[in-house]
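Asks: Have a look at the structure that comes next, please.
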Amino acid sequence: MQQLFEQFAADVAAQPQWLQIWGNILGPVTLLSMILFLFRRNLIPVALLTVFVLPSMLLLYHNFGYSRILGLAHIVFWTPADVYLLKIRTTWRVRETWLGKWIIVALAVMLISLAFDYVDLARWLLGDRGRVHLSMMRTELAGLSQRHERGQITIAEDGTASRMALAAPKHGS
18 MQQLFEQFAA DVAAQPQWLQ IWGNILGPVT LLSMILFLFR RNLIPVALLT VFVLPSMLLL
78 YHNFGYSRIL GLAHIVFWTP ADVYLLKIRT TWRVRETWLG KWIIVALAVM LISLAFDYVD
138 LARWLLGDRG RVHLSMMRTE LAGLSQRHER GQITIAEDGT ASRMALAAPK HGS
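Following the numbering used here, the residues of the sequence shown are numbered contiguously, the last one being 190.
Shown next, in the form of structure tokens:
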């Protein structure tokens, strides 16, 4: 299990910086929400649904790798949690309590995440099933290969690429 979590963390670290920043917002907000929601009886169902997200995501990761289907874990558990939160919104007590204000933050973060997740799941269902970071790497490698063929870069034996100085054509030779 530890190895699986380490592989998952490495794949997350290979993602674009904006996605890593989003994960650094999503993770703490989710964790704090699970803890805080245990203090209000009517929020316990949301906390319990959220508990299942990470194990489900790791199970999906184990079976499919780092692919667009990972959002299914959020969809399965957060969609009903968000619907429930919206149904009980008259009990939030936003003006009176910090927890009421936090519910708005947590709901906003979950809804933003779900927007990405539904798009990713739709793309996965339509056939975009490759590992996310590997497809990015393939695109970058294809670009490097094309630039190499045009003589714009050289690729050393260790796999590093460097730009070639484009020499001016010699006249009269």
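All residues carry an ideal CB built from backbone N, CA and C; glycine is no exception. Note that the coordinates shown come from a computational prediction; the quantities given were computed from them, not determined experimentally.
(1) For W119 and A26, what's the separation of their Cα atoms in angstroms?
(2) Whether or not the segment 71 to 85 and the segment 99 to 108 are in contact is what I'm after, with contact meaning three or more pairs of Cβ atoms, one per stretch, closer than 8 Å; do they touch?
(3) Do you know offhand how far G194's Cα is from L87's?
(4) Looking at the structure shown, is S50 part of a helix, part of a strand, or coil, going by DSSP?
(5) For E113, I'd like the list of residues in its chain whose CB is within less than 8 Å of its CB, leaving aside the five on either flank, ordered along the chain.
(6) When DSSP labels each residue in this structure, what does W109 get in the three-state scheme?
(7) When the distance is taken between beta carbons, is L102 closer than 9 Å to V63?
(8) Residues in its own chain within less than 7 Å of L128 by CB, not counting five upstream and five downstream?
(9) Give the range of the alpha helix (DSSP H) segment to which M18 is assigned.
(10) Between V136, I38, V70, W141, which has its C-alpha nearest L95's C-alpha?
(11) Using the beta-carbon count (16 or more within 10 Å), is R90 buried or exposed?
(12) Answer with buried or exposed for F54, where buried requires no fewer than 16 other C-beta atoms within 10 angstroms of its C-beta.
(13) Drop a sphere of 10 angstroms on the beta-carbon of R167, count the other beta-carbons inside from all chains shown, and report buried for 16 or more, exposed for fewer.
(14) Output yes or no for whether 9 Å exceeds the beta carbon distance between L66 and P97.
(15) Which word fits L60, buried or exposed, when buried means at least 16 other C-beta atoms lie within 10 angstroms of its C-beta?
Replies: Taking the structure as given:
(1) The residue given as residue 119 occupies position 102 in the sequence shown. The residue given as residue 26 occupies position 9 in the sequence shown. In a straight line, the C-alpha of W119 is about 27 Å away from that of A26.
(2) no
(3) In the structure displayed, the chain extends from 18 to 190; residue 194 sits before or after that span and is not available.
(4) Sequence index remark: in the sequence shown, residue 50 carries index 33 (1-based). If DSSP states are grouped into helix, strand and coil, S50 belongs with the helices.
(5) Reading the sequence shown from its first residue, position 96 is the one you call residue 113. Excluding sequence neighbours, E113 sits near nothing in its chain.
(6) Counted from its first residue, the sequence shown places residue 109 at position 92. Coil, per DSSP.
(7) Working through the sequence shown from its first residue, we reach residue 63 at position 46. Working through the sequence shown from its first residue, we reach residue 102 at position 85. Their beta carbons are under 9 Å apart, which means V63 touches L102 by this criterion.
(8) As a working note, residue 128 is residue 111 in the sequence shown. Excluding sequence neighbours, L128 sits near D99.
(9) Indexing the sequence shown from 1 puts residue 18 at position 1. Run containing M18: none; DSSP gives neither H nor E here.
(10) Numbered from 1 along the sequence shown, position 78 holds the residue referred to as residue 95. For clarity, residue 95 is Trp in the given sequence; the question names Leu instead. It is V70.
(11) Here residue 90 refers to the residue found at position 73 when the sequence shown is read from its first residue. For clarity, residue 90 is Ala in the given sequence; the question names Arg instead. It counts as buried.
(12) Taking the sequence shown and counting its residues from 1, one reaches residue 54 at position 37. By the 10 Å Cβ count, F54 comes out buried.
(13) The sequence position of residue 167 within the sequence shown is 150, counting from 1. Counting Cβ neighbours within 10 Å, R167 comes out exposed, since fewer than 16 surround it.
(14) Along the sequence shown, read from residue 1 onward, the residue named residue 66 stands at position 49. Along the sequence shown, read from residue 1 onward, the residue named residue 97 stands at position 80. Yes, these two residues count as a Cβ contact at 9 Å.
(15) Working through the sequence shown from its first residue, we reach residue 60 at position 43. Buried: at least 16 other Cβ atoms inside 10 Å.
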